[in-house]
Amino acid sequence: MHPDTVIDTGIGPAIEKAARETLSAVLDPEVPPEELDLDADMVGSYSLTSLNKVLFLTEVCEATDVDLANFTEHDLADMLTLRSVIESLIQHTNNKAV
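For what it's worth, our numbering labels the leading residue of the sequence shown as 1, then goes sequentially.
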């Protein structure tokens, strides 16, 4: 696990792992999951396009069993960093296993 993690207990590490792997897969060129900076602007640092952000969020919600409908358009627009995505997902997991 990357030393800069979001939450060290509970469901946090599993969500972080899923988010890192999912974001890594949609980036072009692909960045290894462990090299992703949690606080980097996904658009500015990784050139994440709007389409790839939608694909990433859809896939990570599916991987973590979080309904994308939990998030408003404003919530999604505010997810600028990987950390903000992970923290938002954690709020909606209800301690489910990932």
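Just so you know, even glycine gets a beta-carbon here, dropped at the ideal spot from N, CA and C. Only a predicted model underlies this, so the values are computations on that prediction, with no experimental measurement involved.
Going by C-alpha to C-alpha distance, which of the options sits closest to residue i?
| i | options | result |
| --- | --- | --- |
| Lys53 | His92, Ala77, Leu89 | Ala77 |
| Gly44 | Glu34, Met79, Ile15 | Met79 |
| Asp28 | Cys61, Ala14, Phe56 | Phe56 |
| Ala69 | Leu82, Gly12, Thr93 | Thr93 |
Keeping to the same chain, check which residues put their C-beta closer than 8 angstroms to that of residue i; ignore five residues upstream and five downstream.
| i | result |
| --- | --- |
| Pro32 | Ser24 |
Under 7 angstroms: does the beta carbon of residue i sit that close to some heavy atom of the ligand NAP?
| i | result |
| --- | --- |
| Asp78 | The ligand NAP is absent from the structure shown, which contains no ligand whatsoever. |
Helix, strand or coil: which one does DSSP assign to residue i?
| i | result |
| --- | --- |
| Asp41 | strand |
| Thr64 | helix |
| Thr93 | coil |
| Thr49 | coil |
- [ ] Would you be able to state if there are at least three C-beta pairs under 8 angstroms between the region 7-21 and the region 79-94?
- [x] yes
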